[in-house]
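Trainee: Numbering (this note's numbering), first residue to last: 23 to 485. Backbone N, C-alpha and C fix where the C-beta goes; we use that ideal spot for every residue, glycine too.
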């Protein structure tokens, strides 16, 4: 009987599997010290590729996995922030904007033509000029300059010599990207919005190009500036509409914007579109949109000038000084024997003329027309009717011998039939040839004998 009881007990113990170590070994889960299994009593795992975390063996994760430090760098855990990494550059290397270490361009030359960059499976092109003062040891500012509408090699058109001279003076790296293009008759036309979707494609190109250039030359990330001329202004506006833009300054020369994107309240802006420029409409669009987001006046520089659709050389140094340090030219003083007079208005004056009876008239911004009453005394002239273009600038005045007066500017027209005693707004003048604006963009006037001639872009009119 006793022997039978002992046999039953042995069988029961065998079935229960009371040996814990044997139970762990025989189940289908990971064993002690294995991946996903419990740690050894001393909190270790079977290999160096595993680490004990809260009693379980987990794979060691390389924090530098997927981090590209470039051929001139090595990734390591950051000594300053737990869980973060940093790239340590070799001696003589610098850090690009994507945090990769690079030795940079050899700089056997300072001027690079037809440079290539593949973006979105398309080979794009650009020009780069590195000033003679540049050294890889010091991070430098960048000015990216977007061309206007042009033919072959558009990145070399419009003010290249002046841009290079400014780069030498101020020490910035100059980059001029090339837009996309299309065939128009016998011509290949390069323009920033030449094809459907180009504005977004070009935005991706410009953004990628900044990083690519930063692997060739050492760029200061807080001193990256973008400017555009003509159609390049709208592309510049696209960058200002990007909350993640790398740029801190945005220049608009000879234009403004016509995209609908919401602008960001970022950086500084430089605006230079002449009073006689047919792109003034887009300049007004831009200033209105800046006003709408509360863009501060102290971060705007509006360069006023009595000119047309031009990219003048002095824009480059003036623009860069404003971008980089907020500098503006000091207001000048009249040269002798000229004297400054007290004026009745804040309008900027563009033209002045003496009427047949000796009365002096001046005209300017905001549909402004003024009459000089005496030395140091002026009055604003009331113009009857409604302007076809409220707020625009009167750029020219003339009188015929019989006292008929004409004021012209940005398509608007004002008249006087009594030697300037009274004035009235006239209607816009219709186009007589191929349609350009829906009206004649008149900005110049001349009077001779009893005839009046008005001129503008590609068209003109006479009495």
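Buried or exposed: which applies to residue 45, given that a residue is buried once 16 or more other Cβ atoms fall within 10 Å of its Cβ?
Mentor: Taking the first residue of the chain shown as position 1, residue 45 is located at position 23. In this prediction, residue 45 scores a pLDDT of 45, lower than 50, which makes its location untrustworthy; no coordinate-derived value is stated.
Trainee: Relative to the alpha-carbon of residue 8, which residue among 123, 240 and 208 has its alpha-carbon at the smallest distance?
Mentor: Not covered by the structure: residue 8. The range shown for the chain is 23 to 485.
Trainee: State yes or no: is the C-beta of residue 272 within less than 8 Å of the C-beta of residue 246?
Mentor: Position 250 of the chain shown, counted from the first residue, corresponds to residue 272. Position 224 of the chain shown, counted from the first residue, corresponds to residue 246. No, the pair does not count as a contact, with Cβ atoms beyond the cut-off.
Trainee: According to DSSP, is residue 473 part of a helix, a strand, or is it coil?
Mentor: In the chain shown, counting from the first residue as 1, residue 473 sits at position 451. Under the three-state reduction of DSSP output, residue 473 falls in the strand class.
Trainee: Quick test of the definition: if touching needs 3 or more C-beta pairs under 8 Å, does the segment 224 to 238 touch the segment 190 to 204?
Mentor: yes
Trainee: Using 8 Å as the threshold, is the C-beta distance between residue 374 and residue 401 below it?
Mentor: Translated into positions along the chain shown, residue 374 becomes position 352. Translated into positions along the chain shown, residue 401 becomes position 379. In this structure, residue 401 does not lie closer than 8 Å to residue 374 by Cβ.
Trainee: Using the C-alpha atoms, what's the distance from residue 310 back to residue 518?
Mentor: In the structure displayed, the chain extends from 23 to 485; residue 518 sits before or after that span and is not available.
Trainee: Measuring CA to CA, which of 235, 76, 139 and 430 is closest to residue 127?
Mentor: Your numbering for residue 127 matches position 105 in the chain shown. Nearest to residue 127 by C-alpha distance, out of 235, 76, 139 and 430, is 235.
Trainee: When the distance is taken between beta carbons, is residue 288 closer than 8 Å to residue 262?
Mentor: For the purposes of this step, residue 262 is taken as residue 240 along the chain shown, with counting starting at 1. For the purposes of this step, residue 288 is taken as residue 266 along the chain shown, with counting starting at 1. Yes; because the gap between Cβ atoms is below 8 Å, this pair is in contact.
Trainee: Tell whether a beta-carbon distance below 8 Å holds between residue 395 and residue 416.
Mentor: By one-based count along the chain shown, residue 395 stands at place 373. By one-based count along the chain shown, residue 416 stands at place 394. No, the Cβ-Cβ distance between residue 395 and residue 416 is not below 8 Å.
Trainee: What are the boundary residues of the alpha helix (DSSP H) that includes residue 221?
Mentor: Translated into positions along the chain shown, residue 221 becomes position 199. Unbroken alpha helix (DSSP H) run through residue 221: 220 to 236.
Trainee: Tell me whether residue 253 sits in a helix, a strand or coil according to DSSP, three-state version.
Mentor: Mapped onto the chain shown, residue 253 falls at position 231. Three-state DSSP puts residue 253 in a helix.
Trainee: Go ahead and pull the three-state DSSP assignment for residue 309.
Mentor: To locate residue 309, count along the chain shown from 1; it is residue 287. Reduced to three states, the DSSP call for residue 309 is helix.
Trainee: I'd like the ranges of any beta strand (DSSP E) spanning at least 3 consecutive residues and lying wholly in the segment 345 to 399.
Mentor: 371 to 376, 382 to 386 and 390 to 396
Trainee: Got a sec, what are the start and stop residues for the alpha helix (DSSP H) residue 190 sits in?
Mentor: Walking along the chain shown from the start, residue 190 turns up at place 168. Its alpha helix (DSSP H) spans residues 182 to 192.
Trainee: Reducing DSSP to helix, strand and coil, say where residue 258 ends up.
Mentor: Taking the chain shown and counting its residues from 1, the one referred to as residue 258 is at position 236. Note: residue 258 maps to helix in three-state DSSP.
Trainee: Measuring only the C-alpha atoms, how far is residue 352 from residue 358?
Mentor: Numbered from 1 along the chain shown, position 330 holds the residue referred to as residue 352. Numbered from 1 along the chain shown, position 336 holds the residue referred to as residue 358. Computed Cα separation, rounded: 18 Å.
Trainee: Considering residue 205, what are the terminal residues of the beta strand (DSSP E) in which it resides?
Mentor: Residue mapping note: residue 205 aligns to position 183 of the chain shown, counting from 1. From DSSP, the beta strand (DSSP E) with residue 205 extends over 203 to 206.
Trainee: In the segment 34 to 113, which residue ranges form an unbroken alpha helix (DSSP H) of at least 4 residues, counting only runs that do not cross its ends?
Mentor: 42 to 48
Trainee: Residues bridged to residue 418 by DSSP?
Mentor: Position 396 of the chain shown holds residue 418. The beta-bridge partner set that DSSP reports for residue 418 consists of 430.
Trainee: In angstroms with no decimal places, state the Cα-to-Cα distance between residue 47 and residue 53.
Mentor: Stepping through the chain shown from its first residue, residue 47 is reached at position 25. Stepping through the chain shown from its first residue, residue 53 is reached at position 31. The pLDDT assigned to residue 47 is 48, lower than 50, so where the model puts this residue is not dependable, and the model offers no usable value.
Trainee: Going along the chain, which residues of its own chain have a beta-carbon closer than 8 Å to the beta-carbon of residue 131, five neighbours each way excluded?
Mentor: The count along the chain shown starts at 1 and reaches residue 131 at position 109. Exclusion of the five residues before and after residue 131 leaves no residue of its chain whose Cβ lies closer than 8 Å to its Cβ.
Trainee: Could you tell me which residues DSSP puts in a beta bridge with residue 137?
Mentor: As a position in the chain shown, residue 137 is number 115, starting the count at 1. DSSP lists 148 as partners of residue 137.
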